[in-house]
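Chemist: Have a look at the structure that comes next, please.
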Amino acid sequence: MSAPPRIAIVGAGPGGLTLARVLHVHGIPSTVYELDASATARDQGGTLDLDEESGQRALSHAGLLEAFRPLSRPEGGELRLLGKDADVSLHLLPPEDGGGNGRPEIDRRALRDLLLGSLPEGTVHWGQKVRAVAPGPAGRPTLTLADGTSVETDVLVGADGAWSRVRPLLSDAEPVYTGVSFVDGLLNDVDTRHPAVAELVGRGSMFALADEKGLFAQRNGDGRIRVYAAVKAPEEWSRSGLTDRSGPGGPADPADPADPAAARKRLLDLFPDWDEGLRALIADSEGPLVARPIHALPIGHRWDRVPGVTLLGDAAHLMSPFAGAGANLAMLDGAELALALAAHDDLETALNAYETAMFPRAEEAARQSADHLVDFFQPDALRILRDAFITMTAAGGADR
Ligand SMILES: Cc1cc2nc3c(=O)[nH]c(=O)nc-3n(C[C@H](O)[C@H](O)[C@H](O)COP(=O)(O)OP(=O)(O)OC[C@H]3O[C@@H](n4cnc5c(N)ncnc54)[C@H](O)[C@@H]3O)c2cc1C
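Numbering (UniProt numbering), first residue to last: 1 to 400.
Spelled out as structure tokens, the structure:
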């Protein structure tokens with residue numbers, strides 16, 4: 001029996017971990033290199049709604065769908081669309097059958113823990129930043145870790161997000177700023193400490209839209225509400241001391257502390273005549289505000305086959321969050337890549353089969369997310385989004 005291929009996965013995000021898990025289900029070992037020092041080193045961010053056709057399908061291939069159900073929140077499918085006067089323009093409730101809208105929410109931390117807990121001990125090598133990659137002789141790509149160690153592999157998968165170190169082996173494409181920045185903040189223990197905000201947001205998501213900007217809020221499973229202020233702004237704006245800033249794909253830079261009170265005031269000044277209940281989302285938030293300039297790779301990004309190397313998730317098809325698709329696609333990519341590697345003895349045949357299905361799927365989602373980004377920042381965004389949500393849910397019969 002031939003030895004299994006040496007599979008190195010760079011990045012323990014939803015995509016990389018799903019790949020490792022589905023490989024494991026098929027008896028194929030892999031090694032994940034992750035720059036975070038540990039599973040708890042960094043706040044994983046807010047909540048994700050997992051689509052039946054992508055995120056949930058990936059979990060099914062991973063054998064984790066049943067374990068996912070009790071961790072998920074179907075009620076998180078509740079959605080409110082508001083104007084800047086806080087009047088509710090549309091209120092969608094999840095169906096009463098408890099199945100949500102087919103996209104139950106799960107906190108990112110819970111999802112990561114679920115995937116991590118399903119992997120053999122030692123699969124993830126924490127605190128291992130991949131510094132460089134090279135094609136290597138005879139199609140055996142090599143990666144170099146920050147401590148100088150070199151690792152030769154048979155398959156190298158870049159699951160390392162927006163600013164992938166693996167991508168340059170395959171493509172010259174780089175993420176481009178979309179013209180939109182998010183600033184995100186947190187409110188803790190909302191039902192007790194911020195009941196008015198809790199009431200305004202409800203059990204799921206709230207979008208307030210006006211003046212070509214937005215205040216978005218989503219309830220997390222841990223009594224928190226995560227808030228995103230979304231504005232059209234030059235990229236430098238988020239680097240201008242308004243807030244702490246997020247490094248590429250990473251956490252706030254602790255060496256760059258903006259004065260949180262001053263940052264809040266500057267942000268609030270962008271929403272001067274918005275209802276006080278909505279402004280409270282920013283005013284009452286706690287801890288640092290984190291700026292996230294939103295970048296995207298070109299729609300339809302693809303590459304020619306390079307022996308033994310491929311990409312998945314944001315590394316392959318970074319898109320704005322306006323289609324709510326990025327993590328879902330990353331997980332489906334990971335699952336399908338694992339299935340292809342399990343199905344084909346020849347590695348190039350497997351990588352080719354995976355990419356052939358992934359490229360058009362990613363292109364369609366990237367186009368949708370770019371279109372939605374434009375919609376969210378139109379002067380009459382509230383009407384556009386209201387019509388779009390009504391059309392989308394009409395077939396599903398959500399309560400309104
Ligand atoms: C504000 C916002 C809201 C979003 N909301 C949604 C949503 O509701 N639904 C949805 O589906 N998607 C959403 N997304 C998109 C989603 O977050 C991403 O698409 C998803 O996380 C991509 O997963 P990934 O595994 O490809 O990469 P990532 O999650 O970025 O994981 C990459 C991993 O690689 C590691 N890494 C990076 N570089 C290296 C290196 N050199 N060496 C070792 N490790 C490295 C990182 O530390 C990280 O752990 C949202 C994004 C944003 C910004």
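Note that the Cβ used here is the ideal one computed from N, Cα and C, for glycine as well.
All figures in this text were calculated on a predicted structure; none of them were measured in a lab.
1) Using the Cα positions of P360 and I7, report the straight-line distance between them to the nearest angstrom.
2) From L114 to P4, what distance separates their C-alpha atoms?
3) Is it the case that the CB of Y33 approaches a heavy atom of ligand 1 more closely than 6 Å?
4) Taking DSSP as the reference, what is the three-state secondary structure of M206?
5) Rounded to the nearest angstrom, how far is the Cβ of R292 from that of F182, given a contact under 8 Å?
6) D184: which of S369, A132, P168, A263 sits nearest, CA to CA?
7) Nearest-angstrom Cα distance between L17 and H344?
8) Chain D beta carbons: is any one of them nearer than 7 Å to that of G11?
9) Under three-state DSSP, which class holds F377?
10) Around the C-beta of A365, are 16 or more other C-beta atoms found within 10 angstroms, so that it is buried, or is it exposed?
11) Per DSSP, what kind of secondary structure is A350 in: helix, strand or coil?
12) Ends of the beta strand (DSSP E) at K265?
13) Is the stretch 277–290 in contact with the stretch 150–163, if contact means three or more CB pairs nearer than 8 Å?
14) In the DSSP assignment, the beta strand (DSSP E) including P293 goes from what residue to what residue?
15) If I measure Cβ to Cβ from L339 and keep anything under 7 Å in the same chain, skipping five residues before and after, which residues do I get?
16) Comparing alpha-carbon positions, which option in S150, D172, D51 lies nearest P298?
17) Use the C-beta contact count for E276: other C-beta atoms within 10 angstroms, 16 or more gives buried, fewer gives exposed.
18) Going by alpha carbons, who is nearest to I225 out of K232, P307, Q56, P195?
19) Which runs of the beta strand (DSSP E) fall wholly inside the stretch 158–219 and span at least 3 residues, in chain order?
20) S89 and L81: beta carbons closer than 7 Å?
21) Any idea if R305 is buried or exposed, counting beta-carbon neighbours within 10 angstroms, 16 or more meaning buried?
22) Can you give me the Cβ contacts of P248 inside the same chain, cut-off strictly under 7 Å, excluding the 5 residues immediately before and after it?
23) Going by C-alpha to C-alpha distance, which of S38, P272, P168, E348 sits closest to Q128?
24) Using the C-alpha atoms, what's the distance from Y228 back to V197?
25) Who are the Cβ neighbours of A58 in its own chain at under 6 Å, not counting the five residues just before and after it?
26) What are the partner residues of V306, as DSSP defines its beta bridges?
27) Report the three-state DSSP secondary structure of D107 (helix, strand or coil).
28) Report the three-state DSSP secondary structure of E236 (helix, strand or coil).
29) Within its chain, find whatever has a CB closer than 6 Å to the CB of T142; leave out the 5 residues flanking it on each side and keep chain order.
30) Can you determine whether any heavy atom of ligand 1 sits closer than 6 Å to the C-beta of D43, and answer yes or no?
31) In angstroms with no decimal places, state the Cα-to-Cα distance between P272 and A381.
32) Is DSSP giving D87 helix, strand or coil here?
Modeler: Concretely, from the data shown:
1) 25 Å
2) 26 Å
3) yes
4) strand
5) 4 Å
6) A263
7) 21 Å
8) In the structure shown, chain D does not exist; there is a single protein chain.
9) coil
10) buried
11) helix
12) Going by DSSP, K265 is part of no beta strand (DSSP E) but of the alpha helix (DSSP H) stretching over 260–268.
13) no
14) 286–296
15) V22, H61
16) D172
17) exposed
18) P195
19) 176–187, 205–210, 213–219
20) L81 sits close to S89, with the two beta carbons spaced by under 7 Å.
21) exposed
22) Interpretation of P248 is limited by its pLDDT of 35, a score under 50 that renders its predicted location unreliable; the figure taken from the coordinates is listed afterwards. A162, W163, listed in sequence order.
23) S38
24) 14 Å
25) T18, M331, L332, A335
26) V309
27) strand
28) helix
29) A134, G136, S150, E152
30) Taking non-hydrogen atoms of ligand 1 into account, the C-beta of D43 is found less than 6 Å away from none of them.
31) Distance between the alpha carbons of P272 and A381 is about 19 Å.
32) coil
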